[in-house]
Every structure is written in structure tokens, then in C-alpha cells.
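Going line by line, the protein sequences match chains Y and R. Residue numbers for the first sequence follow numbering that gives the first Met the number 0, beginning at 0 and rising by one. Residue numbers for the second sequence follow numbering that gives the first Met the number 0, beginning at 0 and rising by one. Heads up, the beta-carbon is just placed ideally off N, CA and C, and yes, glycines get one too.
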Amino acid sequence: MPDFGLPLADLLRLVQAHLFLSGCAVAAALLVGLPAAILAARNRRFGAPLLGLISLMQTIPGLPLLALFYPLLLFIGRATNLAIPALGFLPALLALGIYALLPIVRNGAAAIQGIDPALIEAANGLGMTGRQRLLLVELPLGAPVILAGIRTATVWTIGTATLATTIGQPSLGDLIFSGLQTEDWRRVLIGCIAAALLALLLDLILALIEAGLARRSRWRLWTGAAALVAIIAATILPVREAAPAGGAAGRVVIVGAKNFSEQYILARLIEDRLRQAGYRTERRDNLGSTVAYRALAAGDIDVYVDYSGTLWANILQRRDMPAAPDMLATLRRELARRDKVRLLGSLGFENAYAFAMTRAGATQRGIADLADLGRASAELRLATDLEFLSRPEWRAVEARYHPRFRQSRAYSPTFMYRALADGSADVITAFSSDGRIAAMNLVTLADPRGALPNYDAVLLLAPRAARDTGLVAALRPLIGAIDIGTMREANWMVDRDADKTTPQQAATWLATRIR
Amino acid sequence: MISFAQVTKGYGNAAVIENISLTIELGAFVALVGASGAGKTTLLKAINRLVEIDGGTIRVDGEDIASLPLATLRRRIGYVFQGVGLFPHMTVAENIWLAPRLQGAAPGGRAERVAHLLDLVSLPADMADRLPAHLSGGQAQRVGFARALGAAPSIMLMDEPFGALDPVTRSELGRAYRALHERMGLTSVLVTHDMAEALLLADRVIVLGGGAVLADLPPRDLLDFRGEPGVRAMIDVARDQADRLEALARAD
């Protein structure tokens, strides 16, 4: 058995989730797309604008399309007072379904319009009704072209479904996104190859069915159909089997994580504790910063770790900067009042934004704090994570230190550190709990004018989870249990290049350091 | 019986049929002849409403066709055309069985009915399982006739049914259909641009030109027609060919 860097069972679970999502999306697109294709073929005045609209939606890049469904569904849920899940399966299904529509509708309409007019005349002459003509003549004759559209849609959908990870729907994208964050290229490759193999396999099966239809070849048709049924069965059956086995509360606790190593590790740590307490858990990795909090408030996830300064600025919209205990007390009160979200407590370490430079760079330029940095900024290049420049902390830094960087660029966190290491940046907005600060021999710059707030890691519970005393009891031992050194070490286990461990292994190690 | 009363039809500003009134008796074999654009195909397709007329009334067996459901009307009328239009994904038997199937006939009677219809058009019964792609042009059009006769219609509409066939097959199939017409007591309307074919097959030849009826006579009387020169020219071509062949035969 080759080492996949992750348990085979996990890979199979992701493959299954990936196929299930893709299959449902293509099925949904068929359900909507085939009738639309028939209408478009029968009535060109309707068909041309319809195809235009579908093509237009196709031009929206996949990631934003998926992300846009989150606020949209949240809004619809609030407006209609219905419990519409805004995260996970539903938005992923809708976005992927829209993507799958174009080839289905375009090929479907072309298939019907392309039928020999003599055959339509014969069908009409025989007195067929529109429905009979469709079922007896147009659909059977158009089947190969329609199927070619379904093939295209399936291959696209399987590829795009990897993006569903970003809105909390498990897929092979879990491997790709977390692999990119932790620079675990093996995971990235496994995710990509598995998705590509799935797409190829499905393409082959559908091609066989298509050829079977076009050449009236029974063995092709039946072989293809049998393979398709086998795949559908393999996708659905074990999911069914797993469902009735209930945990302590008979429901699944969903653990959220944002998109960096520390969050992956902490989410797994939380999961492990809940499992030991008899809960069944699911994880939603790679959530955006504000998406995670809104998902928690809406009950789409049950628990995750956030940071006090982030909540202070982004959720409470506060600009003042109280001392850490006051900030925590206010957050605890306000989040409960606003969203019935429970702040269980601080984990014991801080993951603050900290401007960092290489020790050599800082010494050479004589920079020790942000005031020095502001003065020297004209000849410096800044690298930040993807969100820092649009956050209130950056505005606070600008207001107090007036930096004018020669260049500022945003990177995903991993590449931000790389940029500093390879000399394409002089200063970065590092994270104080990051193992790379010590490992790369970086210095963090002091903040004498108090622009950057505290970022205590805090455990947040959704309203429903907060009422579950068993769950609270299982997580309470984590409060105050992780110091900054331990967290840095755990983070470094995942982020380092040599002897890299998986987030799960780091979480297991972290658990041994707690009691 | 089919009757036309003040029927008109135009496409855009151009009138294709102008105010035509005529009656086709039960059991008649009528040929509609004329140059292209004369309106003969339009007049034919108006009967089973593949073309909708702009004005006037068409009655089939006394009923206004505009008031009949399309499916009902068309299932009473057999339709054969130059394009044949056999469904390529269905066998010969499946094509022929379509009309009875659409009328809800029990599948138990299929084999017998298909064999009977194939026999009517002089095709062997073992052709039933072939796909249309494996038929010759003449065989395909024979199946086309069998399919049109499938619902036992009393009226047959034919739009250049022999147009794409070679002359030998064409003549053979024409005669075969004429015999069927007699035997089954059909009312037949045949559109053709070939005057000789019309004169030799039909009991009544209607010559159309510019959307109007130029001549409407039995074949024997049409031969002596002295009216419209255009009509005369069409008859002369047919006669001339016959005379020259006759002369050729006598020459030795």
C-alpha cells in the first residue's frame, strides 16, 4: 500500500462526497436544462436570450460564483424566515448546477434543431402531437448530441467541484486547498489527480453510452449504463449506511476552520475531543474570515476558533483599543446579545498581526518598531496576506505611522513568507503564533502607538451548540491550555518543508501537550 | 370527399393560391400539375394542414378541417412525400406500425398488420427488421407508402412521391400504387410536375398556374385542350415524346 499522506478511508470519503456533489449538480442541471433546451429549440425568440443569459453566467469565475451564493442564500433565508442552509451542499449544488447548464441547454437545443426537416414533416404528417414527436423522434435522434453535452457538463462539474471546499462543502478540493496552505504538495497532487481521474472515468463511461446510442450497439450501451449505475451506487450506498449511527446528541457537530495551518490543527483538535465525548463531527475547512463568523451565527457550523481583534474590528466594527481582558469581556457580552453566539474563552495564546522583517534587514536599516518602519517605508516593499490591506488594522497603522511603501502585494500566507525569504519583499504582516517567525529568524516590530489590537485565540460556539452541556464540557478543558510556544511548535510541524506532518498529526501531538 | 371553397394562401405579399374552389369526389384519383411555384404543393398540404390557409374553407368528408383536432385530421389521411422521411432509428416494422400505435392499437396485432402492409406494397415480409439505412430508394418509398397506409386512411396525399427514383422504379411504383388505389377504394391526390405521369396515372388532371386553376379535365379530354398556351405546351411535350417514340418504333 503506497503512502498517500492521508488515510485511504479519508480519500475515499472525499471521492465519494465529490462524486455525490457533482452527480447531484449534473442531475439538477438536466432537470432544468432539458426542458429549457426543448423550449429554446421550439421557440427561437425565447431560445436566443436564454442561451445568452446562460453563457453570461458561465463567464463568472467559479470561486466568486460559489462565494456569492453564500450571502444570497443568507439573505433569502432571512427574508423568508426559512431555515435555508447558506453554507455547504446547497450553495455548492446551485453554483455547480448553473455551470453545468450551458453545455446541456446548448447541445440539447442544437440536437433538436438539427434533426432532418423531412423527419419532422413525416412525424407531423403521421399526426404526431408535439409530445409524441419529442419522445418518439426528436429525443431518440438527438440523444447522441444531447449526451455529448451531458459529458461536457460532467467533466466541467467534476473539475469545478473542487472549489466547493471554500464554501464548506467537502470535496477533493479539501486536499488541494489545505495542501496549498501547508505546502504539502503531495496532498495537492493527490487531490488534482483524483479529480482528473474521476473526470476521465465518467467521460469514458458516458462516451461508451453515447457510442452505444449512436451506433445502436447494445453491448456499449449496457456496459456504459452498468458502469454508471455501479458508480452511482458506490456514491450513495455507504452514505446511507453511515447516516443512522447517531452520536451522543444524535446529530453531527460541524467544526469550522479558516484557511491556514493553525486553524486546520485547532479544528482537528476540537474534533478529536468531541469524538472522544461521543459526538459525531464534520469539518468545514477553508472558510473565509467573515464567512466563518456568519456561518456560526446562522448555525451552519457549530464551533470554530477566531481571534479577538478580528471580531472586535470586523463584527463589532469598533475602532478603539481596550486592554485584552476588557476586550474579551465586551466581546463575550456583545456577541451573545447580537447573535446568541457564546465566547467560551481564550485558548491561551495570541495570533496577532505583526510586521516582521529578516533580522539582517532590520539591523541593516536600523528598524526596531513601526515608527522606524513608517519613516523608512518609501524604499521598502510590503507583502501582506490576502485580507490585511482591506482591514481596519491597516487603516489604523496608516493613521498612526503614515507608511508609504514602494510596493505592496498580497499573497496567500505561505507565499507571503516565501516572498520575504527570497527577497521579493522586505517586510511582511506575519502572524505572531506562526512557527516560521522563529524558524526563519525574523524580528517582529514593536507597536508603540497601539495600532494593532489583541488577537487572543477564542473558542466560539453557535447558539445551539452553546446550549449543549456535554459539548461545552468536552471543549472547556481547551480554555487557557495552549501557550504561544506550543502553538508555534505545532504550526511549524505542518509548515516546515522537511519532516512535515499533517494537520491531524500536529493536532494529535498538541493534544498530548494539553493535559 | 374533399372540397375547397374560396381558398387563398400567401407568403408575405405574394399570393400562392388565389380563391380556388373545387371538389374531389370520393374514390377519385386527382393529379395536381404545374410548374414550380404554381401552388400545387401548397394546395395539397392545405388538406392535412401542414400548411394553414389564410382564407376560405376546406372540408374533408363534410367536416371543416379547421375545426378538427390536428392529430385526428392527419391520422385519417395518408401522407407520402419525396423526402420519404423514414425514421432512421426505427426498423421497417416500427416505422410501419407507427400510425396504428399512435391510434392506440394493441401491440399483439403488430406482426400480422406489418406483414399485410408490406405485402400491399410488394415487399417481402423478412424486410420488417431492417433499418431504413439498408434499403434502396425504391424500397424506402414502398415502406413510406406502407407507413402512410398503416392507419387505413380513406385519403392519400402524395407530394412528388416518385420524384427521387430512377425512371424504371418510378414507373413500376406508379403503376403499383394505381392498382392499390383501385383495390382499396382510396381517394388519391398526387402532386407531380411530370405531365405524362399525371396523364397516365390519374382520372382527373388539375393544372395550376400562378395560384389559379388553368385546366381541370380527365386525361383524355386534356389531350385536346385548346386554352391556356402554357398548359398546351406541357401537354405537347408529353405527346411529342410519345409520337417520337412511336415513329422510332415504326422506322424498322
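Residue-level contact to chain Y via CB, residue i, 8 Å cutoff
| i | result |
| --- | --- |
| residue 199 of chain R | no |
| residue 161 of chain R | no |
| residue 144 of chain R | no |
| residue 127 of chain R | no |
| residue 104 of chain R | no |
| residue 82 of chain R | yes |
| residue 49 of chain R | yes |
| residue 97 of chain R | yes |
| residue 28 of chain R | no |
| residue 78 of chain R | yes |
| residue 88 of chain R | yes |
| residue 109 of chain R | no |
| residue 122 of chain R | no |
| residue 101 of chain R | yes |
| residue 195 of chain R | no |
| residue 73 of chain R | yes |
Residue i versus residue j: straight-line alpha-carbon distance, rounded
| i | j | result |
| --- | --- | --- |
| residue 105 of chain R | residue 97 of chain R | 12 Å |
| residue 338 of chain Y | residue 348 of chain Y | 25 Å |
| residue 377 of chain Y | residue 398 of chain Y | 16 Å |
| residue 284 of chain Y | residue 36 of chain Y | 37 Å |
| residue 530 of chain Y | residue 342 of chain Y | Because chain Y is modelled from 0 through 514, residue 530 of chain Y falls outside the range shown and cannot be assessed. |
| residue 487 of chain Y | residue 434 of chain Y | 4 Å |
| residue 91 of chain Y | residue 295 of chain Y | 18 Å |
| residue 44 of chain R | residue 4 of chain R | 16 Å |
| residue 246 of chain Y | residue 280 of chain Y | In this prediction, residue 246 of chain Y scores a pLDDT of 39, lower than 50, which makes its location untrustworthy; the coordinate-derived value is nonetheless stated afterwards. Answer to the nearest angstrom: the Cα atoms are 9 Å apart. |
| residue 316 of chain Y | residue 382 of chain Y | 25 Å |
| residue 107 of chain R | residue 167 of chain R | 38 Å |
| residue 236 of chain R | residue 41 of chain R | 25 Å |
| residue 139 of chain Y | residue 236 of chain Y | 31 Å |
| residue 415 of chain Y | residue 48 of chain Y | 45 Å |
| residue 174 of chain R | residue 81 of chain R | 17 Å |
| residue 273 of chain Y | residue 467 of chain Y | 12 Å |
| residue 242 of chain Y | residue 278 of chain Y | Here residue 242 of chain Y scores only 41 on pLDDT, less than 50, and its place in the model is too uncertain to base an answer on. |
| residue 217 of chain Y | residue 201 of chain Y | 19 Å |
| residue 104 of chain Y | residue 32 of chain Y | 5 Å |
| residue 67 of chain R | residue 60 of chain R | 12 Å |
| residue 126 of chain R | residue 24 of chain R | 36 Å |
Any chain R beta carbon closer than 8 Å to residue i
| i | result |
| --- | --- |
| residue 139 of chain Y | yes |
| residue 120 of chain Y | yes |
| residue 136 of chain Y | yes |
| residue 106 of chain Y | no |
| residue 123 of chain Y | yes |
| residue 126 of chain Y | yes |
| residue 117 of chain Y | yes |
| residue 131 of chain Y | yes |
| residue 246 of chain Y | Residue placement at residue 246 of chain Y is flagged as unreliable, the pLDDT there being 39, under the threshold of 50; a coordinate-derived value is accordingly withheld. |
Whether residue i touches residue j by CB criterion (8 Å)
| i | j | result |
| --- | --- | --- |
| residue 300 of chain Y | residue 254 of chain Y | yes |
| residue 204 of chain R | residue 33 of chain R | no |
| residue 372 of chain Y | residue 446 of chain Y | no |
| residue 14 of chain Y | residue 179 of chain Y | no |
| residue 155 of chain R | residue 84 of chain R | no |
| residue 258 of chain Y | residue 306 of chain Y | no |
| residue 146 of chain R | residue 95 of chain R | yes |
| residue 234 of chain Y | residue 22 of chain Y | yes |
| residue 149 of chain Y | residue 228 of chain Y | no |
| residue 444 of chain Y | residue 366 of chain Y | yes |
| residue 75 of chain R | residue 152 of chain R | yes |
| residue 129 of chain Y | residue 73 of chain R | no |
Residues that residue i bridges to, as DSSP identifies them
| i | result |
| --- | --- |
| residue 62 of chain R | R:59 |
| residue 4 of chain R | R:56 |
| residue 235 of chain R | Looking at the DSSP assignment, residue 235 of chain R forms no beta bridge with any residue, so it has no partner. |
| residue 22 of chain R | R:2 |
| residue 260 of chain Y | Partner(s): none; residue 260 of chain Y has no beta bridge. |
| residue 357 of chain Y | Y:441 |
| residue 76 of chain R | R:154 |
| residue 144 of chain Y | In DSSP, residue 144 of chain Y forms no bridge with anything. |
Anticipated Cβ contact below 8 Å, residue i with residue j, distance rounded
| i | j | result |
| --- | --- | --- |
| residue 271 of chain Y | residue 510 of chain Y | 6 Å |
| residue 304 of chain Y | residue 456 of chain Y | 5 Å |
| residue 386 of chain Y | residue 288 of chain Y | 6 Å |
| residue 298 of chain Y | residue 163 of chain Y | Incorrect: roughly 20 Å between the Cβ atoms, too far for contact. |
Heavy atom of the ligand COA within 7 Å of residue i beta-carbon
| i | result |
| --- | --- |
| residue 90 of chain R | Absence of the ligand COA is noted for the structure shown, with no ligands found whatsoever. |
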